[in-house]
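Chemist: The following block contains the structure, expressed as structure tokens.
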Amino acid sequence: MKLSNFVRQNSYLIRIIIIAVLILFIPVSLFMIVTSNRMFQSFNDKLVSVYQSDALNAAERFDSFIDTMDVTAIKMYLDRSLEQNQVSAHAFNEITAINTLRSFTNVVPFVESCAIYYPDSEVIYSSKGKFSLYLYGISELGFQASENFVSLLEQKSKPFWASTFEENMDGKMIYFVPIQAKMSTTESPVVMFILTRDSLINAMQFQLKWQMSISAILDSNNQQLYIDTFQPAVDFSKLVPTDERNDIYYFSDDYKNEYIIYFVTSEKHSFKMFLLVPKEQLQLQMRDFEILLNTLTYLMLAICFVAIVAMIYFNYLPIKSMKRTVGNIQSADSDDIEPSQTHTPVMGEFEAMLYVLQKKNLSNKKLAAEVRKYNSEMVQHVGKNLLLGGFVTETEKKVVMDLLSGSFYFAVVMHTCILSNEIAESSLLRQFGSGLIVEMPHLQHLVIILDIPNEAFAAQRKKVDELSAIIKTFDENAKIGVGDIYADISDIDKSYLDATIAYEYRARKLVVYYKQIIEQNADKNSPVEEHMVRLRQAIHNSDRKGAYEELELILKIISLVTADHSRRKQEFFELIGGYYTIFHELELTFHESEIAALLKMRNMIEIEVTFKRLIDYALDENDYRRVESEEKRAAAIVEYVDNNFMDSNLSINVISQNWQIAEYTISRIFKKKTGVNFSSYIINKRINKAKELLIDTDLSIKQIGERIGLANDSYFIKLFKHYEGVTPSQYRKNAEQENKTNL
């Protein structure tokens, strides 16, 4: 099925879909454009809340850690670490130290275990229990202390930050991460985080998952207590508060990396948690959201634009088709046709264009309705023209071809009382998807032009069976005539004639195929067709006698086939179709009422008189146009000669070749127009021009001869003397003397 057929059948549904798309997408697009800044800010706030939520969770976890500890022991530990007071290792009892370290393990989930070591004691408090560390002993943690480790811990006079020591034991890599925030005395404890290789990988994944760079615990004075050793320490003196919030700061490290810090204060205690997020990471997330938001907005605007263009084009389509056909009419010199002249098949559309031009104040909806109305009338005109065998232009033929999708065509005839054209349009085309329905009111016929993909009789029969099933729903006794199959739409008039014969054939069948009739009777070749070609030629040649003779032969042939009613009607249709073609070739008027009157005639004498009158009308019109055309050609040839008579190559042979007219015809119409023959006219023009040049210029005789197209100066002098009685030189002298005398 062609796209045009689909659009034509589903036009209402397509309009509904386009309107629905516009109603849905235009408000959404406008809303997104107006609120884009607000949505962008909302997304930014959402990211901030996510990061702050992470910091809050960390604070709550630390709160729970503090709740499980001995508050006095924590205060003493903080005082020792921050105020550099010397506190004996015995200030921490065994139970408090173990609970503290065990809570640290819960807060930081990727830490295997932790321990507190005092350099002035051989005791290490561990989250997994108490053990003693000797110089060459084995700890309860299960690792062997080496001299390197002991020497590292014995560097009491040198403070260290986040030092890492690796010890390989039992095939596992153990990471000791000693932490000493402010090493000023030899009694300051060392906090060690012990991680295996797997737990270290988990720690990295944990950080990547939550998009955290640094986490830390602060006291109420923003002094550093603990910081994740896998990230750079934060210098709080470099923090820059933002303009919008007091709990968000900008930070730039020594490598000029920019971060954004989110603070959250613990509700139960005086500690703060903060998350440090790379500024570039936040900007990347915001940029991704902005790209997504803009893409969706532009996409919806593009959909709206396409829908608007589709609506405009869909409404303008009939007008565009009409203007294209009107352009073809105007190019064929039909500008002088009046709106009342509705004789040519395409004139319905031309009238529509004139109507549109006169009614410019119509709305688009009414304008489209008027165009569709006149376009439908134009299709009916072209369809009738095709069925009656009239002349059809390529543009008019395309109008019908757009309604068909197959490669072979045939006509079906039924009585108009079965169903109307509108009912057939809605019922039949919904079933087949393509086709053309033409109403012939004067003949009381409804003709359906159908298409099939191949020339097989089975394909035709299948389609006709589907058609008859639909027709029987309106009239069970409806009779249908089916014409033969043709490969060219221009031959549909033959199929229509076949279908008409099949429809009128006396048979009990409700569906009659012309093909079946032919198989039972003589072949369908019409002897009238050859004589119609001669008749057309006689009219074009203005041969009245020859045209009468051919008409008598045609009528004689029709009268001889009285025994076969269908054959006789076929020949009569050939005669009418031939006249219709002649009138179109001559651009004459042949009304449908005249066709209907001819088809109703039964008396051969009446038929002969009517057709002779039509021949006389065609011959008179042809003679008048020939005379008018001959006068126009004569005037054009004379004008051409007046503009080119000084060309030495100008001759009657050149004009004959340029104008495609016989030399005899040129001489005849030239003499009729000017009163002299062709050669005399050119000589007179050249002699007169030479006389002007002799008087007004100082050119030599030879130059003047070349100027007027007579390069041979001897011939020019002889010719000039023959017409003027003197030579060119003597003519110039006489003119000069006469001029002096007048002065």
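Each residue of the sequence shown is one higher than the one before, starting from -3 at the first, in my numbering. We put the beta carbon where it would ideally sit given N, CA and C, even for glycine.
Hey, is the stretch 661 to 679 in contact with the stretch 688 to 695, meaning 3+ C-beta pairs nearer than 8 Å?
Modeler: In short, these stretches do not touch, since the Cβ pair count stays below three.
Chemist: Determine the contact status of L383 and V302, defining contact as a CB-CB distance below 8 Å.
Modeler: No, the Cβ-Cβ distance between L383 and V302 is not below 8 Å.
Chemist: Is it the case that the Cβ atoms of I488 and Y482 are separated by a distance below 8 Å?
Modeler: Taking 8 Å as the Cβ cut-off, I488 and Y482 qualify as a contacting pair.
Chemist: Run through DSSP, which three-state label would M374 get?
Modeler: It is helical.
Chemist: So does the stretch 446 to 456 actually touch the stretch 466 to 475, counting three or more Cβ pairs closer than 8 Å?
Modeler: No, they do not touch.
Chemist: Quick one: give me the first and last residue of the alpha helix (DSSP H) that Y719 is part of.
Modeler: Where Y719 is concerned, the enclosing alpha helix (DSSP H) stretches over D709 to E720.
Chemist: Taking only three categories from DSSP, how would you classify M642?
Modeler: M642 falls in the coil class under three-state DSSP.
Chemist: Counting only the same chain and skipping the five closest in sequence on each side, list residues whose C-beta sits under 6 Å from that of T496.
Modeler: So the list reads V409, once near-sequence residues are dropped.
Chemist: Cβ of S32 within 7 Å of any heavy atom in the ligand GTP?
Modeler: Summarising the ligand content, the structure contains no ligands, and the ligand GTP is consequently not present.
Chemist: Can you name the residues that DSSP bridges to F404?
Modeler: Looking at the DSSP assignment, F404 forms a beta bridge with I448.
Chemist: Is there a Cβ from chain D that is less than 8 Å from the Cβ of R609?
Modeler: Any reference to chain D falls outside this structure, which holds one protein chain only.
Chemist: Using CA atoms only, rank isn't needed, just tell me which of L695, F712, I15 and N639 is closest to V305.
Modeler: Taking only the C-alpha atoms, the option nearest V305 is I15.
Chemist: In or out: V30 buried (at least 16 other Cβ within 10 Å) or exposed?
Modeler: Its Cβ having fewer than 16 others within 10 Å, V30 is exposed.
Chemist: Report the rounded CA-to-CA distance for I657 versus S647, giving the unit in angstroms.
Modeler: Using only the alpha carbons, I get a separation of about 13 Å.
Chemist: Where does the unbroken beta strand (DSSP E) through G477 begin, and where does it stop?
Modeler: Per DSSP, G477 belongs to the beta strand (DSSP E) from I476 to V478.
Chemist: Assign E732 to one of three DSSP states: helix, strand, or coil.
Modeler: DSSP places E732 in helix when its eight states are reduced to three.
Chemist: Could you tell me the boundaries of the beta strand (DSSP E) in which I481 lies?
Modeler: Where I481 is concerned, there is no enclosing beta strand (DSSP E), given that its DSSP letter is neither H nor E.
Chemist: Tell me whether V434 sits in a helix, a strand or coil according to DSSP, three-state version.
Modeler: If DSSP states are grouped into helix, strand and coil, V434 belongs with the strands.
Chemist: Can you round the beta-carbon distance between E392 and V378 to whole angstroms, since I take them to be within the 8 Å contact cut?
Modeler: Yes, they are in contact, since the Cβ atoms of E392 and V378 sit about 5 Å apart, within 8 Å.
Chemist: In this structure, does DSSP put L9 in helix, strand or coil?
Modeler: Note: L9 maps to helix in three-state DSSP.
Chemist: Can you give me the C-alpha to C-alpha distance between V395 and T291, rounded to a whole angstrom?
Modeler: The straight-line gap from Cα to Cα measures roughly 43 Å.
Chemist: On a Cα-Cα basis, can you pick out the residue from Y405, L531, N537 and A632 that is closest to L549?
Modeler: With distances taken between Cα atoms, L549 lies closest to L531.
Chemist: First and last residue of the alpha helix (DSSP H) that includes V508?
Modeler: Unbroken run through V508 is the beta strand (DSSP E), V507 to Y509; no alpha helix (DSSP H).
Chemist: Look at the alpha carbon of L9 and the alpha carbon of V17, and state the distance between them as a whole number of angstroms.
Modeler: If you take the alpha carbons of L9 and V17, they lie about 12 Å apart.
Chemist: Quick test of the definition: if touching needs 3 or more C-beta pairs under 8 Å, does the stretch 659 to 668 touch the stretch 624 to 636?
Modeler: A contact exists between the stretch 659 to 668 and the stretch 624 to 636.
Chemist: By alpha-carbon positions, which one of T577, G385 and N537 ends up nearest to Y764?
Modeler: The structure shown does not extend to residue 764, since the chain spans only -3 to 739, so no value can be given for it.
Chemist: Report the CB separation of A407 from V443 in whole angstroms; it is logged as a contact under 8 Å.
Modeler: That belief holds up - the Cβ atoms of A407 and V443 are roughly 6 Å apart, short of 8 Å.
Chemist: Could you have a look at L758 and say whether DSSP puts it in helix, strand or coil?
Modeler: Residue 758 is absent from the model: the chain starts at -3 and stops at 739.
Chemist: Taking the alpha-carbon of D709 as reference, which of K717, K698 and H718 has the nearest alpha-carbon?
Modeler: Residue K698 is the option with its Cα nearest to D709.
Chemist: With 16 other CB atoms within 10 Å as the buried threshold, where does R682 fall?
Modeler: Under this definition R682 is a buried residue.
Chemist: In this structure, how does DSSP classify V302 when only helix, strand and coil are distinguished?
Modeler: Reduced to three states, the DSSP call for V302 is helix.
Chemist: Would you kindly check if the distance between the Cβ of G705 and the Cβ of F641 is under 8 Å?
Modeler: Their beta carbons are under 8 Å apart, which means F641 touches G705 by this criterion.
Chemist: Cβ of E659 within 8 Å of Cβ of N649?
Modeler: A contact, by the Cβ cut-off of 8 Å.
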